[in-house]
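Using numbering that gives the first Met the number 0, you'd call the opening residue of the sequence shown number 0 and step up by one each time.
A short worksheet on the structure shown next.
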Amino acid sequence: MIAKLIPLDGSPPISINRDVTVVGRKEGLCDVILDHSSVSKLHCVIARTDGLLFFRDLGSTNGTKVNGQRVVRGALLPNDELSFAAVRFRVHLGPGEPEPDPDDHTEMFEIPPASPEAGSFESDRTQDSGQDERELVDSGVSEI
Numbered sequence: 000m001i002a003k004l005i006p007l008d009g010s011p012p013i014s015i016n017r018d019v020t021v022v023g024r025k026e027g028l029c030d031v032i033l034d035h036s037s038v039s040k041l042h043c044v045i046a047r048t049d050g051l052l053f054f055r056d057l058g059s060t061n062g063t064k065v066n067g068q069r070v071v072r073g074a075l076l077p078n079d080e081l082s083f084a085a086v087r088f089r090v091h092l093g094p095g096e097p098e099p100d101p102d103d104h105t106e107m108f109e110i111p112p113a114s115p116e117a118g119s120f121e122s123d124r125t126q127d128s129g130q131d132e133r134e135l136v137d138s139g140v141s142e143i
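Next comes the structure, spelled out in structure tokens:
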């Protein structure tokens with residue numbers, strides 16, 4: 000079974016090849032790195048089992064949504080829209096490669112960088128050993 004997250008912004012698809020995939024912003028701890036300020040360091044864990052995908056939000060600040068509804072955990076179905084904060088994907092599950100969505104009329108726009116007066120999201124980007132985060136991931140996986 001091929002499992003992929005297809006970004007709705009036109010970026011390349013992300014393959015979900017592992018039994019357990021950690022999604023977030025923190026390099027070295029996450030399997031899928033989403034470099035977006037709205038995504039938490041450890042945002043979500045996705046588990047593959049028996050051809051199905053299950054997920055659990057790891058207490059992220061801005062949440063995980065499926066088809067527009069904020070949820071903590073659940074199963075993912077083909078063509079579900081999965082959002083990690085402001086980063087949106089379409090779920091592909093199946094034997095073949097995903098087909099382009101003919102109804103997708105997404106337009107790409109350049110977003111200018113934020114001004115220094117806008118503040119930052121640095122409060123959750125502290126430097127640490129990662130031990131507490133690994134425990135959070137492990138507990139999320141055990142509860143899926």
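Here a beta-carbon is modelled for each residue, glycine too, at the ideal position from N, C-alpha and C.
Exercise. For the beta strand (DSSP E) containing Cys43, list its first residue and its last residue.
Key: Cys43 -> beta strand (DSSP E) spans Cys43 to Thr48.
Self-check item: Distance between Asp56 and Leu41 (C-alpha atoms, nearest Å)
Solution: Whole-angstrom Cα-Cα distance: 9 Å.
Quiz item: Hey, how far is the Cα of Thr48 from the Cα of Asp18?
Solution: Spanning the two alpha carbons is a distance of roughly 7 Å.
Quiz item: Is the distance from the Cβ of Ala2 to the Cβ of Leu52 below 8 Å?
Solution: Cβ distance < 8 Å, so Ala2 and Leu52 count as in contact.
Exercise. Can you grab the Cα-Cα spacing for the pair Met0 / Thr60, in whole Å?
Key: Their Cα atoms are separated by approximately 32 Å.
Quiz item: Near Ile32, what residues of its chain come up, given a Cβ to Cβ distance below 6 Å and the 5 sequence neighbours on each side ignored?
Solution: Apart from sequence neighbours up to five positions away, the residues of its chain that approach Ile32 with a beta-carbon distance below 6 Å are Glu26, ordered along the chain.
Exercise. For Glu80, name the three-state secondary structure that DSSP assigns.
Key: Residue state, collapsed to three classes: strand.
Practice problem: Please state if the CB of Val90 and the CB of Val38 are separated by a distance shorter than 8 Å. | Solution: In this structure, Val38 sits away from Val90, with a CB-CB distance that is not shorter than 8 Å.
Quiz item: Rounded to a whole number of angstroms, what is the C-alpha to C-alpha distance between Ala84 and Ser14?
Solution: Annotation: Ala84 to Ser14 spans about 19 Å, alpha carbon to alpha carbon.
Quiz item: What number of angstroms, rounded off, separates the C-alpha of Phe88 from the C-alpha of Asn78?
Solution: Near 9 Å, if we compare the C-alpha coordinates of Asn78 and Phe88.
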